[in-house]
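The sequence shown begins at 0 in numbering that gives the first Met the number 0 and counts up one residue at a time.
Glycine included, every Cβ here is placed at the ideal spot set by N, Cα and C.
What follows is one structure encoded as structure tokens, with my remarks underneath.
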Amino acid sequence: MKYAFWIGFLALCLAGGSVGASQEHSDAVSYQTAFTNIEARDSIDLSGPWHYIVDPQKIGILRGDRRRTAVFEDVSEPDSPVDFLEYNFDAAPVMEIPGDWNGRDSTLTWFDGLVWFRKVLELDAPPSGRTFLHIGAANYKALVHVNGEKVGEHEGGFTPFAFDVTSQLKRGRNSIVIGVDATHEDDSIPTPITDWKTYGGLTRPVHLVTVPDTWVHDYFVRLEAGDRLQAMIRLGGGDVAGRKVSLEIPELDLALQGSGDKSGVASFDVDIPKGLERWSPVSPKLYDVTVSIDGDAVTDRIGFRTVGVDGSQILLNGEPIFLRGISIHEETLGEPPGRAFDEDSARALLNIAKNDLNANFVRLAHYPHAEVMTRLADEMGLLVWSEIPVYWDVAFDNPQTLETALRMQQENIVRDRNRASVIFWSVGNETPQTEERLAFFDAMIRAARAMDDTRLMTAALHNVRSEGQVYVVDDPLAELIDVVAVNTYQGWYGRAPLTRVPGAEWQNPSGKPFLFSEFGAGAMYGFHDPEMEKFSEEFQEAYYKVTLEMVAKVPGLAGLSPWILKDFQSPRRMHHEYQDYWNRKGLISPEGDKKKAFFVLRDWYREIAKQ
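The following block contains the structure:
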């Protein structure tokens, strides 16, 4: 049954279809794949103050399922039927959206429940054409109502989704109510147990997007390894068959025209234009690319490059590259931290990685980060590992959990497959070695390759067999992925002294490119101890020195992304003297102060870059 499901889902991805929000429920509202490149659309940005009501017992869901109530109605309208006065949004506090309630409201620092948000929008007239409510991310489940009518629901806290609200909008006052439930269950992606703060809320922008009756919905423009420029353009709407489609790259004097098939998909396959400059970390060249039909056009900034493997080497544009990386959580600098990433927040972290640490690669863990991160990585020249939050032990034997993971992966790939910076799709992190897990990942990998076969598949593994000081990567998942990556914490966890770390030897029987996707040690900025007590900057500094000594001897190593750039909040880290609910493995403090280990890695990367 599991295989039958993913084969059907795979066919749906190939056909470019949408996925039902909850196919098993009779009241399900259909889910609509989000638009590619939302910022280039004709839209109303709904960022700003939204009223919010905290609903710890989820009464709004219980009552709302039975009848229309004030949760979804606009109670400010005359004669509005009100039978539950507690849901008075006009009397409720406001929160800036995008934003997470954990950082915006100190009473909700660790709240993982249901919060209702409402935005009132005045329209002189309903927009012409079709209008979609596009939500960049809502963690974890979203229940969406417009003018008292349910328009859809979505599960998955890090990827965009949209609903057609054309028939719900009206002239004058419009009420948009979104319930966001941050509760995670055993069948969620991820489960309730994580070593990072999940953050609840409308954490990315919300837009009302207006398009013609037929519009450019999605596109994928890229280089193929065989020196071909290829593009897929998918139209939305009811009149898509045979429509004329254009693709233009003015700087390359390229203008292509074609027609969509009966499902509204047009394809192009041409020689690489003369003079095309390939994107790389050294030269992150981007081109203006316009995709259009009569009445609709979308312009994007796209870089062109190829990525592949040759034995144990990773190839960028046909040449070997060593990945000088760092892992990053999507958490803002400063206290209290938050998940609402604007360009300034993203640029602050990526500048430290690129310009201060001398990295050319970032692992965006453990979930899809905001689109602004991957777009800035394109601009700045940083290679990217993008990951789905199949983290630790999820319900690998549950078809519904697989469906959620596949949908989140689809949403992530569709959003970011035009970003040259993204070279890895990762299917998970530190998962148990079981047959159910292997079948689960087999489905995810096959679906990902069907949507995008121009990138490398990977996962952060931790199933390693030790034979004394020899460590052997022993995980059957290595056979399914393109790049083998391992998390290791020798010298931090356990009682082995740091002096043993340099003597460790690593074997990768697959012969594929090998990465250290994580290693690290905790340190509290400003705590110094000449005796190198754990959590001192001196211990973390020494840990990095001996670990890099070990790393330098690993045969065929293709790169690393140590854990982690910045200290981040975690419910698992309770030590009141050193942690206080912060994971202190960052190379910089929550405010951005550099610890001693930062300079060890920086100097090592400088030397590697010279080779």
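Let me check understanding here. Comparing Cα to Cα, which of the options lies closest to residue i?
| i | options | result |
| --- | --- | --- |
| LEU120 | GLY310, ASP44, ASP355 | ASP44 |
| VAL290 | TYR218, ILE351, ILE271 | TYR218 |
| ARG221 | ILE248, MET573, VAL215, LEU168 | ILE248 |
| THR546 | ASN486, TRP278, ASN357, HIS575 | ASN486 |
| PRO189 | ASN138, LYS169, GLN468 | ASN138 |
| ARG494 | LYS533, ASN462, GLU517, ILE480 | LYS533 |
| MET94 | GLU504, THR202, THR298, GLU223 | THR202 |
| ARG338 | VAL371, GLY310, VAL308, ASN146 | VAL371 |
| GLU504 | ILE480, VAL471, PHE321, PRO512 | VAL471 |
| GLU334 | SER588, LEU405, GLY241 | SER588 |
| ARG667 | ARG323, GLU148, HIS216, GLY235 | Residue 667 lies beyond the residue range present for the chain, which begins at 0 and ends at 610; the question has no answer from this structure. |
| THR457 | LYS511, GLY490, ARG571, ASP343 | LYS511 |
| ASP602 | TRP195, GLN506, ASP355 | ASP355 |
| PHE116 | ALA90, LYS552, ALA124 | ALA90 |
| LYS169 | ASP163, PRO125, PRO204, VAL208 | PRO125 |
| LEU363 | PRO398, ASN411, SER46 | ASN411 |
| LEU600 | LEU61, PRO554, ILE563 | ILE563 |
| PHE423 | GLY502, GLU378, VAL306 | VAL306 |
| LYS261 | ASP252, LEU275, SER282, VAL239 | VAL239 |
| LYS149 | GLY171, GLY135, GLY155, ILE175 | ILE175 |
| ALA477 | HIS461, TYR492, VAL281 | HIS461 |
| LYS536 | GLY490, LYS595, GLY274 | In the sequence on display, residue 536 carries Glu and not Lys. Answer by Cα proximity: LYS595. |
| ILE351 | GLN56, GLY585, ASP104 | GLY585 |
| GLY237 | ARG499, LEU314, TYR86, VAL215 | VAL215 |
| GLY112 | ASP123, LEU122, LYS57 | LYS57 |
| VAL553 | LEU514, TYR543, GLN578, HIS527 | LEU514 |
| ASP452 | ASP396, ASP212, GLN229 | GLN229 |
| ILE313 | LEU381, SER258, GLY241, ASP481 | ASP481 |
What does the Cβ neighbour count give for residue i, buried or exposed, with the cut at 16 atoms within 10 Å?
| i | result |
| --- | --- |
| ASP78 | Per-residue confidence for ASP78 stands at a pLDDT of 48, beneath the threshold of 50, marking its modelled position as unreliable; the derived number appears in the next sentence. Exposed, because fewer than 16 other Cβ atoms sit within 10 Å of the Cβ of ASP78. |
| LEU109 | The sequence shown places Trp at residue 109, rather than the Leu named in the question. Exposed: under 16 other Cβ atoms inside 10 Å. |
| TRP409 | Here the sequence assigns Gln to residue 409, which means Trp is not the residue at that position. Under this definition GLN409 is a buried residue. |
| GLN22 | Confidence at GLN22 is low in this model, with a pLDDT of 30, below 50, so its placement is unreliable and no value can be given for it. |
| ALA20 | Confidence in ALA20 is poor, its pLDDT being 32 and thus under 50, which makes the residue's placement unreliable; the coordinate value appears in the next sentence. The residue in question, ALA20, is buried, as its Cβ has 16 or more Cβ neighbours within 10 Å. |
| MET407 | buried |
| ASP592 | exposed |
| VAL28 | In this predicted model, VAL28 has a pLDDT of only 32, less than 50, meaning its place in the structure is not dependable enough to derive any value. |
| HIS368 | buried |
| GLY467 | exposed |
| LEU61 | exposed |
| SER385 | buried |
| ARG374 | buried |
| LYS565 | buried |
| HIS153 | buried |
Between the beta-carbon of residue i and the beta-carbon of residue j, is there less than 8 Å?
| i | j | result |
| --- | --- | --- |
| VAL426 | ARG454 | no |
| MET231 | VAL264 | yes |
| ARG304 | SER279 | yes |
| VAL383 | VAL361 | yes |
| VAL179 | ALA141 | yes |
| VAL269 | ARG227 | yes |
| PHE321 | GLY558 | yes |
| ASN428 | ALA608 | no |
| GLN432 | ASP474 | yes |
| GLU517 | SER326 | yes |
| ARG583 | MET531 | no |
| GLN506 | GLY521 | no |
| PRO330 | GLN568 | What sits at residue 330 in the sequence shown is Glu, not Pro. In this structure, GLN568 lies closer than 8 Å to GLU330 by Cβ. |
| LEU122 | GLY47 | no |
| LEU497 | ALA449 | no |
Going by DSSP, which residues form a beta bridge with residue i?
| i | result |
| --- | --- |
| THR298 | THR289 |
| HIS50 | VAL93, ARG117 |
| LYS140 | GLU154, ASP180 |
| ASN582 | PHE567 |
| PRO319 | LEU314 |
| LYS149 | HIS144 |
| ALA596 | According to DSSP, ALA596 bridges with nothing at all. |
| PHE267 | ALA230 |
| VAL383 | VAL361, VAL421 |
| PHE486 | With the sequence shown as reference, residue 486 is identified as Asn, and Phe is not the correct amino acid for it. DSSP, once it has assigned bridges, lists GLU517 as partnering ASN486. |
| LYS243 | SER258 |
Using a Cβ-based criterion (distance less than 7 Å to any ligand heavy atom), does residue i qualify as near the ligand GTP?
| i | result |
| --- | --- |
| ARG445 | What this structure holds is no ligand at all, so the ligand GTP is not there to describe. |
Sufficient close CB pairs (3 or more, under 8 Å) joining the segment 470-490 to the segment 273-288: no
The segment 33-40 contacting the segment 153-161, beta-carbon criterion three pairs below 8 Å: yes
Segment contact, 8 Å Cβ cut-off, at least three pairs: the segment 181-199 with the segment 121-130: no
Cβ contact (3+ pairs, closer than 8 Å) linking the segment 436-451 and the segment 190-198: no
The segment 388-408 contacting the segment 430-439, beta-carbon criterion three pairs below 8 Å: yes
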